[in-house]
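Everything on this sheet refers to the single structure shown next.
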Amino acid sequence: MTDTVTLTGVVATKPENVRTSTGLTVTNFRLASSQRRFDRATSTWVDGDTNWYTVNAYRWMANNVANSLQVGNHIVLTGRLRVRNWTSGDKRGTAIEVDVDSIGHDLAFGVSHFTRLKAAAPVGESGGSVGDTGPEPDPSAADSSYAGHDAGHDVWSTPVASDEASYETPASEQNDDSVSEIAEEEKVPF
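Using numbering that gives the first Met the number 0, read the sequence shown as starting at 0 and increasing by one per residue.
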């Protein structure tokens, strides 16, 4: 029986991308998941115990995880939980692992920039991919160079944000020239 779990936490170790002897690409890292609770006696939030998980991503997702996540990133993931006992000499322990089905940044803690990858095309007789003529064009671009694509039937070609959309740049990334005032009606209440 497979247990599917959803976890939130912080990437605690650098994602390590390896290729097995059978050619399978695997990326794994440790996830620290802490629970916070409100202590009514002191009227403050306190950290609870930290649960540690080994997270494994396979195949195409392994490369995406290795290129997207860094130590300290807050993430949300869904996957299959595996609990197994291990022994090494006179030492024993329990390993708690999650095989990832879906993973991404937790947007409650910051802004993420997504880049959609071009799907793999079948290999042609010349040895290259069929239709592999360079990077995938941007379907939200204003020009009509995206030939052969019916934008009216593709939900991915419709941009979600307008050109006027922006986000607040962290103070560490701002310089004096980039600081601008935001009107009260444009601010999002938290």
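By construction, the Cβ of each residue, glycine as well, lies at the ideal position given by its N, Cα and C atoms.
Through-space distance from residue j to residue i, alpha-carbon basis
| i | j | result |
| --- | --- | --- |
| Y52 | R79 | 12 Å |
| N72 | H112 | 13 Å |
| D105 | V70 | 14 Å |
| R115 | D100 | 17 Å |
| V110 | I74 | 12 Å |
| R81 | G88 | 22 Å |
| N84 | G92 | 6 Å |
| D38 | F108 | 23 Å |
| K117 | A61 | 16 Å |
| V97 | N50 | 13 Å |
| T41 | K90 | 41 Å |
| T43 | T86 | 41 Å |
| T1 | N66 | 28 Å |
Nearest-angstrom beta carbon gap, residue j and residue i [assumed within contact, 8 Å]
| i | j | result |
| --- | --- | --- |
| T3 | T77 | 7 Å |
| I102 | A56 | 7 Å |
| T19 | V64 | Going by Cβ atoms, the distance from T19 to V64 rounds to 16 Å, so no, they are not a contact pair. |
Candidates the options, of which the one nearest residue i by Cα
| i | options | result |
| --- | --- | --- |
| L6 | V54, K13, T86 | V54 |
| V9 | S33, T1, G92 | S33 |
| T24 | R58, T41, D89 | R58 |
| R36 | V45, L30, S87, W85 | V45 |
| R29 | E15, W85, R39 | E15 |
| T31 | G47, T1, N62 | Checking the sequence, you will find Ala at residue 31 rather than Thr. Answer by Cα proximity: G47. |
| T12 | L68, V97, T43 | L68 |
Residue i at chain C interface by Cβ criterion, 8 Å
| i | result |
| --- | --- |
| V82 | Among the chains in the structure shown there is no chain C, since it carries only a single protein chain. |
Quiz prompt | beta strand (DSSP E) segments (min. 3 residues) lying fully within the stretch 8 to 92 | solution = Secondary structure within the stretch 8 to 92: the beta strand (DSSP E) runs of 3 or more consecutive residues, fully enclosed, are 15 to 18, 24 to 38, 43 to 57, 73 to 87 (chain order).
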